[in-house]
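Encoded as C-alpha cells, the structure appears first; notes follow it.
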Amino acid sequence: MDLANQARVKELAEQYGKNDLVVILGGAGAESSGIAAETVSNGDPSYAGPLAGVQLGLKPYHILEPQVKGDCDPEVYEEQVGMMEMVLDVDAIVKEVSSIRERYAGSASEEGR
Amino acid sequence: MLKDRKAIILGDRDGIPGPAIEACIKTSGAEVLFSTTECFV
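Residue numbers (the working numbering), protein chains in the order written: chain G, -12 to 100; chain U, 155 to 195.
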C-alpha cells in the first residue's frame, strides 16, 4: 500500500478512533486486497511504511462484499461497480478480505461495532 | 452496516477506482473521510 496513503490512514485512525471507521477497498485481486486489508488492520506486512508494526485494528471491507453492496443504492452500484463485479473473482476477494477482518479486526461483519 | 460510519476508501486503478466506490458509499449514509486510487503496478 502506498506510503503516503498509509500515513493518511494512520492520521485518520488516530483522529476518529477505530470504532466508527471502516476502510472500503477496491482491489482487483484477492492478494492485493488482502495486503491492503492486512495493512489497515494489523500493520504493513512489508514493513516499509508508516503502518509497519502499527496494529490499527480498522475493519476492512471490499466494495464487492454483499453487506457493503446491500447498503448502497442498487442503481448507483450497478452503474459504478457492475462491470467489474462481472470480471473480478468476487468469491476469492470476499473470502480473503473477510478472513483478514476476522483475524485482525475481531469481526467478520457487524458484531464488533 | 455503513450508515453513520466514517469511511476511508482505497480504490484500485485496475479494480474499482476510488471515485466509483465513493459514489456508492455516499448512498449508504456513511461519511467519506478520504478517498484515493492506488496503482499496484
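Note that beta-carbon positions come from the ideal geometry of N, C-alpha and C, so glycine has one too.
Asked: Neighbour flag for G:Gly93 against chain U, beta carbons, 8 Å; Found: no
Asked: Inter-stretch contact (C-beta, 8 Å, three-pair minimum) for the segment 38 to 57 of chain G and the segment 9 to 20 of chain G; Found: yes
Asked: Nonlocal neighbours in the same chain, by C-beta distance under 6 Å from G:Gln42, ignoring five residues either side; Found: Asn29, Gly30
Asked: Euclidean distance between Cα positions of G:Met103 and G:Glu62; Found: The structure shown does not extend to residue 103 of chain G, since chain G is modelled only from -12 through 100, so no value can be given for it.
Asked: C-alpha distance - G:Gly21 paired with U:Ala184, whole-angstrom precision; Found: 23 Å
Asked: Residue range of the unbroken alpha helix (DSSP H) whose run includes G:Gly21; Found: 17 to 29
Asked: Proximal chain U residues relative to G:Gln67, where beta-carbon distance stays under 7 Å; Found: Ala174, Ala177, Cys178
Asked: Other residues of its chain near G:Ala24: CB distance less than 7 Å, five sequence neighbours each side excluded; Found: Leu12, Pro47, Val84, Ile87, Arg88
Asked: Residues that DSSP places opposite G:Lys56 in a beta bridge; Found: Beta-bridge pairing links G:Lys56 to no other residue.
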